[in-house]
């Protein structure tokens with residue numbers, strides 16, 4: 001147990017364990033129990049290889065943190081917040097579950113020095129949307145992504161927003177509910193601005209490669225007797241409903257962020273609808289293949305997204 005400047009740490013590292021009887025009167029009697037029990041054959045690695053930082057330990061931040069931990073994406077997790085008591089409490093709560101996790105080091109601090117050597121920094125701190133409040137009352141994700149990029153000084157591919165990754169996940173879930181098929185086998189995209197202004201791509205909807213638009217040409221139109229437009233309406237309204245029922249959204253966005261983190265940390269080259277810079281210089285939601293140097297954009301998509 002140790003405390004670096006600006007934060008708290010917890011780590012358990014052992015290279016080799018052994019038990020030996022120490023003769024009575026031996027100088028080794030002065031050795032600590034740890035020294036008698038553990039002998040490090042190799043020098044411990046001081047720099048984490050896959051460190052992830054979450055800024056903000058509210059409902060969304062902690063949902064992101066636990067989702068990342070459960071996916072075993074990091075060898076060190078750092079938490080940052082301005083409310084020190086809550087921050088330390090959340091860190092300790094996660095540490096006490098270390099037996100069930102594979103992330104050996106969990107740190108926290110109000111000082112941003114605790115984020116040093118992070119491969120990925122996730123910013124969740126911000127004002128919570130209130131029941132009945134329009135998203136337009138809050139600064140939109142795309143704008144915040146742009147501001148973060150400008151302030152950071154990073155190349156544009158290094159700063160992305162979560163975009164419509166969650167909207168698309170909700171869309172696929174609701175598709176599956178209607179069709180009685182698992183969401184993994186249901187494919188469809190929601191693009192544009194996250195939330196109320198998002199756009200469903202009806203022409204891209206398919207189940208196991210079978211185009212729904214081919215089977216049902218009126219899909220998503222006013223002539224659609226099955227009213228599939230209601231699916232997208234549910235996507236838009238779902239966040240408001242969850243906020244009304246429990247006060248905030250957390251788990252779905254946490255899992256969505258961990259999904260993006262997995263693609264980046266493992267260099268999976270999967271395609272996600274994220275908020276990133278496009279060729280015309282605007283920050284907009286588009287399809288991007290996420291790599292460790294995220295994100296490579298499919299430039300043509302934004303202009304075809306109406307489907």
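Numbering (the UniProt record's numbering), first residue to last: 1 to 307. C-beta: ideal position from N, C-alpha, C; glycine also.
Whole-Å CB distance - residue i paired with residue j, under 8 Å assumed
i	j	result
residue 65	residue 108	That pair is no contact at about 10 Å.
residue 117	residue 48	6 Å
residue 264	residue 120	6 Å
residue 250	residue 59	4 Å
Limits of the unbroken alpha helix (DSSP H) element including residue i
i	result
residue 245	229-246
residue 109	Per DSSP, residue 109 belongs to no alpha helix (DSSP H); it is in the beta strand (DSSP E), 105-109.
residue 258	251-265
residue 147	141-152
Segment limits, beta strand (DSSP E) that includes residue i
i	result
residue 310	Outside the displayed span of the chain (1 to 307) sits residue 310, for which this structure offers no information.
residue 324	Because the chain here runs from 1 to 307, residue 324 falls outside it and cannot be looked at.
residue 52	51-55
residue 275	271-277
residue 76	76-80
Pair within 8 Å by beta-carbon distance, residue i and residue j
i	j	result
residue 53	residue 80	yes
residue 51	residue 76	yes
residue 55	residue 122	yes
residue 191	residue 198	yes
residue 162	residue 189	no
residue 252	residue 166	yes
residue 144	residue 127	no
residue 220	residue 233	no
residue 154	residue 231	no
Closest by C-alpha distance to residue i, when choosing among the options
i	options	result
residue 235	260, 247, 195 and 244	195
residue 142	164, 125, 121 and 129	164
residue 262	74, 96 and 38	74
residue 186	197, 210 and 200	210
residue 158	277, 35, 32 and 31	277
residue 248	170, 131 and 122	131
residue 206	184, 193 and 33	184
residue 70	190, 98, 191 and 84	98
residue 255	61, 45, 41 and 38	61
residue 125	39, 170, 87 and 219	87
residue 224	101, 237 and 202	202
Residue i at chain D interface by Cβ criterion, 8 Å
i	result
residue 264	Any reference to chain D falls outside this structure, which holds one protein chain only.
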